[in-house]
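Scroll down for the structure; my scribbles are underneath it.
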Amino acid sequence: MTSQVSSPAEQADSTVVGEQRRAAGTKDVRRLERVVIRFAGDSGDGMQLTGDRFTSETASFGNDLSTLPNFPAEIRAPAGTLPGVSSFQLHFADHDILTPGDAPNVLVAMNPAALKANVGDLPRGAEIIVNTDEFTRRAMQKVGYDASPLEDGSLDGYHVHPVPLTTLTVEALKEFDLSRKEAERSKNMFALGLLSWMYHRPTEGTEKFLRSKFAKKPDIAAANIAAYRAGWNFGETTEDFAVSYEVAPATTAFPPGTYRNISGNLALAYGLIAASLQTDLPLFLGSYPITPASDILHELSRHKNFGVRTFQAEDEIAGIGAALGAAFGGSLAVTTTSGPGVALKSETIGLAVSLELPLLVVDIQRGGPSTGLPTKTEQADLLQAMYGRNGEAPVPVVAPCTPADCFDAALEAARIAVTYRTPVFLLSDGYLANGSEPWRVPEPGELPDLAVRFAQGPNHSLEDGTEVFWPYKRDPHTLARPWAVPGTPGLEHRIGGIEKQDGTGNISYDPANHDFMVRTRQAKIDGVAVPDLEVDDPDGARTLVLGWGSTYGPITAAVRRLRGAGEAVAQAHLRHLNPFPANLDAVLKRYDKVVVPEMNLGQLATLVRAKCLVDAHSYNQVNGMPFKAEQLAAALKEAIDD
C-alpha cells in the first residue's frame, strides 16, 4: 500500500490549506467530524487504486482513518455483473476512530451493478455520485433493473449527483493521442479528482504517484494527471456540487511521532524484518502464493538489503519444508498462508513441534471451508491452529487486533518462537491484511531485545566425566532445548519425526519416555510468559465483552456507543490464545455474563467454556464481512438487558 509520512505538527499545519481554499473559492464549505466514502465499480475500473490514493492523501493530511477493501476473487470478474463489483470503503475523521464505518455517507457508483450492490447499505440522505454514461438499457437489465433507478423515483431518499464520468474523461483527454477505450480507463482518476475537491484532499502526492507508476509511459501518466485535474476542476465549476467539505486533522488522536498509513500485511512484513534485526538472524520466508497472504511474500522479496531471503515454492508443503530447514540452519524462519494452506502444512508443523525449532506460521484467515471465499474475511481457523495436527502437538497462538498491530504481533510471535524453540501461529485475517490505518513508526530503541544464543559446545557430563552435547537437555526456566547450528563441531545430533529420547535425542519407542516428552512439550507451551489480560471497566459493569483478533475495532466502537448511552459494559481483548493469560479465569468469573463476538460459529467461546468453565455467550457472524458497530451495540444491549 502506497503511504505518506507526516508528523502531527505537519498535519496541524495542513489545516491552513483548507482556510486558503475557503478564501479562494465561492462555494459553501462545511466542516464535518467524520465521513465514510465508498468507491464501487467493476473489478477492472480501478476502485482499489482509487481508494488507495484517496486513503494515502487522507493520511498525509492527518486524519485518523480505517479502510475496507472488498473485491471479487476472480482476476477479472464478468463486467457489469453483481459478482464482479469491487469496492473500497474509507472512514476518516478528526478524532480517533476504530472501524471503516457502518454505512457510507457517499457512494461513487461507476455502473448499475455497483449501484445495486451497494445502495442497500446507504442511510437515507446519503450522497450518490453515479456515472450516467454506464446506465444503458442493456447494462441495467443485466443486473435486474426494469427501469432506470435514476428516473423511477427509487433514489428519492438520497442526494443523487448524475455525472457523465466517461464522457467528461474522454473530453478532457481529447488532446492526447489515445483511443476512446484507453481514455475511458482514466475515469477513475476523474472520480478521484472530484472527491478530492469535495473533501479538500491534497493533490501533490497523487500526481507524484502517477508520474512514478507510469514512468515508462509518460503519455499515460500525463493523461491520468489530466483526468485527475479535470475531476477537481469539474467539482470547482459545476453547479451540481454547491458544497465542499472539510474534515480537520485528528491532531489529538495521535501521540507525537512520525506516522504513515499502513496495511496489515505491510505492517506484518515490517514486523518480521524488525524481528530479524532484533534477533540478529537472517529472515527466511518459504511460501506459496495464496489470497490474502501473498502481499507479505511480495513485500519481503523487496528487502534483500536487510538479509531477507524469500522462496516461492511449488506448493504449500514445499514452502514450509524449506522454512523448517532454514530454522534448523539458524534462520528466523517464516511461512505464510491462509486456511487451506495450513491444512497442507499441518504435518510439517507437527515435525517442527517434535524437533522443537522456532518457526512462524502466519495464517491470514479467509472464508472457508475448502476454497471458500478467498477475498472475504473470517476468524474460523482458531481451532485448526490449536488442534489441527495429529498427536499431541501444542503450539502458541498470537493474534493482532488492528492493521498496525500486525507489526507488534509479528515481534511477539518471534519472541515466543526463539525463546521457547517452538513453532508459533500468528492469526491475522483478510480484514486486517487489506485494511489500513495510521501507524506510528517506532524508534529503534523501543523494539524488544530478541537476542538469540546458539549452542556452542558440550552441555552435559556423563558419569565417566565425558563432556557431550545433549540436543534435548532443557533450559530449566523455559524448557527450551538448545538451538544447534549445523556444522558446529561437536554438536552433531539426530533429526527427524520419530520420538526422541529425553536429553540425548536418540530415537526412542519407550512408552514412559513418550509420555514424558508429550507432557514436557505441553508444559513448555503452558509456561510461555504472556502478559495478564487487561480489562477496560470504568463503571463496575456486570457484563464483559471478550474478543480476539480483528473484532477489536467493532467491539470497541460498540462499547463506546453503549457507554455513551449510559450503559455499563466491560471489555477485554485477547492477543494470546494459547496459552491464555494466567488471569483469564479470574477475570471472567468477576462478571455475571460474558459475551464473545466472533466471525465464526463460536470457536473462542468453545475454548473459554472448556478451559475456564464459564458459560460464555456467543454472538457470531460468518458472512465474509466484519461486524458493524451498530449491529454489535444492539446485540450487546440485548445481552445486558437479558
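Just remember that this note's numbering sits 88 ahead of the position in the sequence shown, which is counted from 1. Cβ atoms here follow ideal geometry from the backbone N, Cα and C, with glycine treated the same way.
Enclosing beta strand (DSSP E) for residue i [first to last residue]
i, result
"G374", "371–375"
"F127", "122–130"
"V450", "447–453"
"H705", "705–708"
"S524", "524–528"
"P511", "511–517"
"Q589", "Segment: none, Q589 is in no beta strand (DSSP E) and carries neither H nor E."
"H386", "Counting along the chain, H386 falls outside any beta strand (DSSP E), though it belongs to the alpha helix (DSSP H) covering 382–388."
"A722", "Here A722 belongs to no beta strand (DSSP E); instead the alpha helix (DSSP H) covers 717–729."
"A660", "658–662"
"T631", "631–636"
"Q752", "In the structure as shown, the chain begins at 89 and stops at 730. Residue 752 is therefore absent and cannot be evaluated."
Whole-Å CB distance - residue i paired with residue j, under 8 Å assumed
i, j, result
"T138", "L178", "The Cβ separation is near 10 Å, so there is no contact."
"I217", "Y246", "Not confirmed; about 11 Å, so no contact."
"V483", "V512", "6 Å"
"A468", "T187", "With 8 Å as the limit, A468 and T187 do not qualify as a contact, their Cβ atoms being about 21 Å apart."
"G132", "N199", "Incorrect: roughly 11 Å between the Cβ atoms, too far for contact."
"P685", "G635", "6 Å"
"I643", "V633", "6 Å"
"G652", "D517", "Going by Cβ atoms, the distance from G652 to D517 rounds to 28 Å, so no, they are not a contact pair."
Exposed unless 16 or more other CB atoms sit within 10 angstroms - verdict on residue i
i, result
"A112", "For A112, the predicted model reports a pLDDT of 49, less than 50, meaning its position is unreliable; a value from the coordinates is still stated below. So A112 ends up on the exposed side."
"P343", "exposed"
"F542", "exposed"
"N671", "exposed"
"L720", "buried"
"N711", "exposed"
"N478", "exposed"
"D152", "buried"
"K305", "exposed"
"Y597", "exposed"
"D59", "Residue numbering for the chain in the displayed model covers 89 to 730; residue 59 lies beyond these limits and cannot be assessed."
"Y475", "exposed"
"V616", "buried"
"I595", "exposed"
"N393", "exposed"
"L701", "exposed"
"E551", "exposed"
"T155", "buried"
"H661", "buried"
"P446", "buried"
"D451", "buried"
"P488", "buried"
"E726", "exposed"
"Q366", "buried"
"D101", "Unreliable positioning characterises D101 in this predicted model, as indicated by a pLDDT of 39, which lies under 50. A coordinate reading is not provided."
"Q709", "buried"
"S364", "buried"
"G281", "buried"
"I586", "exposed"
"R126", "buried"
"P714", "buried"
"Q229", "exposed"
"A473", "buried"
Residue span of the alpha helix (DSSP H) that contains residue i, given as start and end
i, result
"S442", "427–443"
"W320", "306–325"
"R678", "Here R678 belongs to no alpha helix (DSSP H), and DSSP marks it neither H nor E."
"W285", "275–286"
"L461", "Taken as a continuous stretch (DSSP letters only), L461 belongs to no alpha helix (DSSP H), as it is neither H nor E."
"H602", "599–614"
"P642", "640–652"
"V540", "Counting along the chain, V540 falls outside any alpha helix (DSSP H), and DSSP gives it neither H nor E."
"V696", "691–700"
Residue i: CB within 7 Å of a non-hydrogen atom of the ligand FAD
i, result
"K296", "No copy of the ligand FAD occurs in the structure displayed, which carries no ligand at all."
> Would you say the region 321–329 touches the region 159–178, given that touching needs at least three Cβ pairs under 8 Å?
Replying inline: no
>> Could you check whether the region 153–161 touches the region 198–214, counting it as contact only if at least three pairs of C-beta atoms, one from each stretch, sit closer than 8 Å?
In response: no
>> Restricting to runs no shorter than 3 residues, where is the beta strand (DSSP E) found entirely within the region 325–366?
In response: 331–335, 347–351
> Using 8 Å as the threshold, is the region 284–300 in touch with the region 232–251, meaning 3 or more CB pairs across them?
Replying inline: no
> Which parts of the region 137–184 are runs of the alpha helix (DSSP H), unbroken and 4 residues or longer, counting only runs that do not cross its ends?
Replying inline: none
> Along the chain, which unbroken stretches of the beta strand (DSSP E) at least 3 residues long are found entirely within the region 183–238?
Replying inline: 194–197, 215–219
> Would you call the region 688–699 and the region 454–474 touching, i.e. three or more CB-CB distances under 8 Å?
Replying inline: In the pairwise beta carbon analysis, the region 688–699 is classified as touching the region 454–474: at least three pairs are separated by under 8 Å.
>> Across the region 457–464 and the region 372–389, are there enough close Cβ pairs to call them in contact, namely three or more that are closer than 8 Å?
In response: Under the Cβ criterion (8 Å, minimum of three pairs), the region 457–464 counts as touching the region 372–389.
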